[in-house]
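Take a look at the structure set out below.
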């Protein structure tokens with residue numbers, strides 16, 4: 001069914017011939033063909049909500065680079081948008097909700113969306129992408145990753161109404177009225193679990209939960225308001241889609257201090273940002289989970305020889321052990337030259353293959 | 369000489385009757401009297417560069433709250449401003465340099481400032497503040513903290529030219545031309561050491577190095593480009609002002625993963641942000657250094673009973689051991705109600721006193 005299952009094998013910490021690689025925001029503004037499609041669509045929401053366009057841009061990076069996974073082109077704000085908060089994207093200022101959730105009355109009005117029909121454009125896109133990834137015999141080139149924002153991260157956008165520096169509104173609510181934040185999180189937990197289940201039913205091979213704003217929380221608050229809802233989402237998906245065995249990656253940006261706690265969330269793999277030393281991270285949790293990351297996206301602005309050096313350093317840091325998925329530590333920067341991405345992907349594949357070769361020659365048991 | 373040396377004793381990890389407390393940006397926009405003085409000065413730079421105004425606002429929070437230290441009212445950008453980069457502050461967009469350092473030619477033109485006269489307004493302010501803190505017999509109410517940005521943090525502002533999201537310019541330079549970044553850091557290291565020495569000579573009792581942007585670096589890059597220059601600054605200050613025995617606090621925001629490495633910088637204390645669990649941090653480095661922190665500034669937006677609960681949780685997390693200086697995990701938010709600060713300071717003092725009492729009654733050896 002899959003021509004290349006390296007990514008899925010690595011997620012299970014099974015041995016692979018090389019380290020698989022994909023890139024957060026791999027279908028995005030650094031690609032001229034993406035900008036061309038977006039211009040045709042008119043604006044970001046029109047691009048994202050149209051399954052034809054979403055399919056087209058999802059496949060664009062795979063046409064350029066031998067990536068080991070495709071990721072659904074979408075946005076983490078689809079769920080609060082489906083709750084009727086009035087999502088818009090403005091050039092420069094980013095996403096904005098016309099109706100942020102600021103008080104008890106706002107929360108009382110909130111309803112979890114019916115995934116179908118409100119988010120059918122996402123499940124339709126997944127089905128179309130799976131078709132487009134298949135050859136005539138139905139063999140898929142690479143696995144497809146679905147995703148959602150974490151309940152906490154969605155709550156940040158819902159309460160703040162857009163991008164913010166200090167998370168003043170939601171943190172004020174969190175400390176003054178934790179019960180209100182909990183009500184939003186409970187709603188988001190159900191909505192995210194339903195959304196991920198719908199993505200599984202539509203055909204994704206793996207799931208990723210983006211906890212973009214978990215890292216802004218204080219130590220104790222993180223456990224309660226970000227990690228606990230993520231664990232509940234995973235438990236719900238596991239309970240209702242147990243026979244699907246869909247691996248789940250959790251990525252808390254800035255969560256390097258909390259890897260042990262995150263490892264207990266039920267996830268199969270953790271994404272780590274570039275502040276994390278992969279050697280230390282593997283020693284801390286590598287016996288239980290796979291790790292995904294963690295090149296600084298700014299490395300891709302440097303000349304090719306530097307990119308290759310930094311790629312090798314990350315691969316060496318993890319070592320020849322199973323369970324590493326190469327990625328950036330956050331989304332690729334829009335100003336990245338596409339041919340730099342090609343250098344990175346090639347170096348990941350060739351160097352990780354050589355690393356395994358060298359290790360198995362010197363000590364056949366080391367890679368086990 | 370000092371009516372209250374609790375803060376200095378805690379920095380040396382000596383026993384204290386209670387946990388001392390001060391607040392990052394304690395002289396700032398949350399205080400109406402500060403805004404009044406700033407309005408009189410006309411704009412931020414006029415306020416900061418005038419020793420009379422700087423003295424006035426430095427003392428304002430101590431008039432309101434029984435804080436255990438004063439901190440020089442100034443800005444971390446005084447040093448690059450003295451290099452002639454053309455600093456301005458605009459409402460909303462924050463600091464901006466008219467002449468950012470973007471290439472080799474810009475770097476060749478850079479010169480370390482002569483602290484005197486370029487930064488005499490800072491040393492004059494320190495002398496005036498020490499006067500203002502003294503009573504008729506020359507006894508000072510509380511110690512005075514001087515400070516500087518870290519070489520890396522200053523370099524970020526110098527190269528980016530102002531606030532930024534992705535640190536694109538300096539990270540591009542860092543990966544493509546590390547030699548150029550190193551030249552800026554070498555210059556900044558000398559300038560910061562000279563600046564801190566001048567502050568010691570003018571009379572500060574302790575120093576703090578704000579590594580505001582160390583946490584944006586990748587693991588390996590942090591060691592080389594942020595931590596190593598900080599260690600060199602400390603070594604220079606120690607070598608040239610050895611007999612002054614001025615304790616130094618280093619605060620890398622987002623540096624919780626790197627406490628062990630930071631502890632080897634030569635600092636006497638580390639500041640930690642709110643993502644750090646104080647129990648774990650003390651276990652990791654508390655035998656060597658004092659710890660400063662780490663209440664989430666957003667806690668101060670909550671009602672008083674919540675503030676007191678969160679203060680007690682932080683004090684309990686550190687425990688009754690010597691070497692804790694209470695503070696926020698970052699600067700106080702401008703929208704903080706001043707009477708909430710009073711609640712926090714009172715709870716720190718009363719609860720930490722009770723904590724020591726309780727512990728010494730139950731086990732006289734526990735607090736040793």
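Residue numbers (this note's numbering), protein chains in the order written: chain X, 1 to 368; chain H, 369 to 736.
Glycine residues also receive a C-beta, built at the ideal position from the N, C-alpha and C atoms.
The model shown is predicted, which means the values in this text are computed figures rather than measured ones.
CB of residue i within 8 Å of CB of residue j, strictly
i             : j             : result
residue 617/H : residue 631/H : no
residue 529/H : residue 457/H : no
residue 723/H : residue 659/H : no
residue 312/X : residue 347/X : yes
residue 581/H : residue 520/H : yes
residue 211/X : residue 148/X : no
residue 73/X  : residue 54/X  : yes
residue 664/H : residue 111/X : no
residue 490/H : residue 557/H : no
residue 700/H : residue 391/H : yes
residue 222/X : residue 185/X : no
residue 116/X : residue 198/X : yes
residue 218/X : residue 642/H : yes
residue 284/X : residue 321/X : no
residue 247/X : residue 30/X  : no
residue 694/H : residue 389/H : yes
residue 514/H : residue 605/H : no
residue 737/H : residue 303/X : Since the displayed chain H opens at 369 and closes at 736, residue 737/H lies outside it and no answer follows.
residue 257/X : residue 667/H : no
residue 375/X : residue 307/X : In this structure chain X extends from 1 to 368, so residue 375/X is not present and cannot be described.
residue 272/X : residue 329/X : yes
Buried versus exposed, by CB contacts within 10 Å (16 or more), residue i
i             : result
residue 705/H : exposed
residue 309/X : exposed
residue 385/H : exposed
residue 576/H : buried
residue 428/H : buried
residue 368/X : Bear in mind that a pLDDT of 43 at residue 368/X, under 50, signals an unreliable position, so the number given afterwards is only what the model happens to contain. The residue is exposed, with fewer than 16 neighbouring Cβ atoms inside 10 Å.
residue 362/X : exposed
residue 371/H : exposed
residue 424/H : buried
residue 420/H : exposed
residue 253/X : buried
residue 130/X : buried
residue 400/H : exposed
residue 39/X  : exposed
residue 369/H : exposed
residue 505/H : exposed
residue 165/X : exposed
residue 623/H : buried
residue 449/H : buried
Proximity to residue i [Cα-Cα], best of the options
i             : options                       : result
residue 63/X  : 99/X, 122/X and 141/X         : 141/X
residue 462/H : 475/H, 445/H and 470/H        : 445/H
residue 525/H : 507/H, 489/H and 469/H        : 469/H
residue 87/X  : 358/X, 163/X, 182/X and 104/X : 163/X
residue 656/H : 375/H, 381/H, 500/H and 374/H : 381/H
residue 270/X : 280/X, 279/X and 259/X        : 259/X
residue 154/X : 182/X, 357/X and 302/X        : 182/X
residue 476/H : 533/H, 555/H, 669/H and 675/H : 555/H
residue 719/H : 411/H, 417/H and 685/H        : 685/H
residue 452/H : 727/H, 511/H, 486/H and 561/H : 486/H
residue 711/H : 725/H, 673/H, 727/H and 687/H : 673/H
residue 646/H : 301/X, 261/X and 220/X        : 220/X
Cβ-Cβ separation, residue j to residue i (assumed contact under 8 Å), whole Å
i             : j             : result
residue 323/X : residue 286/X : 6 Å
residue 128/X : residue 67/X  : Not really, about 19 Å apart at Cβ, beyond 8 Å.
residue 447/H : residue 596/H : Not a contact, Cβ separation roughly 18 Å.
residue 610/H : residue 633/H : Incorrect: roughly 17 Å between the Cβ atoms, too far for contact.
residue 375/H : residue 709/H : Not quite, the Cβ-Cβ distance comes to about 17 Å (not below 8 Å), so this is no contact.
residue 114/X : residue 75/X  : Between residue 75/X and residue 114/X the Cβ distance is about 19 Å, and since that is not below 8 Å, they are no contact.
residue 437/H : residue 511/H : 5 Å
Completely contained alpha helix (DSSP H) runs for the region 517-556 of chain H, where each covers 4 or more residues: Listed in chain order, the complete alpha helix (DSSP H) runs (minimum 4 residues) inside the region 517-556 of chain H are 519-528 and 536-544.
Complete alpha helix (DSSP H) runs within the region 453-522 of chain H (minimum length 4 residues, chain order): Counting only runs of at least 4 residues, the region 453-522 of chain H fully encloses the following alpha helix (DSSP H) elements, listed from N- to C-terminal order: 472-477, 483-486 and 488-501.
Every unbroken beta strand (DSSP E) within the region 293-356 of chain X, with a cutoff of 3 residues, ordered by chain: The qualifying runs are 324-328.
Continuous beta strand (DSSP E) assignments of at least 3 residues falling wholly in the region 38-93 of chain X: Within the region 38-93 of chain X, the complete beta strand (DSSP E) runs of at least 3 residues are 87-90.
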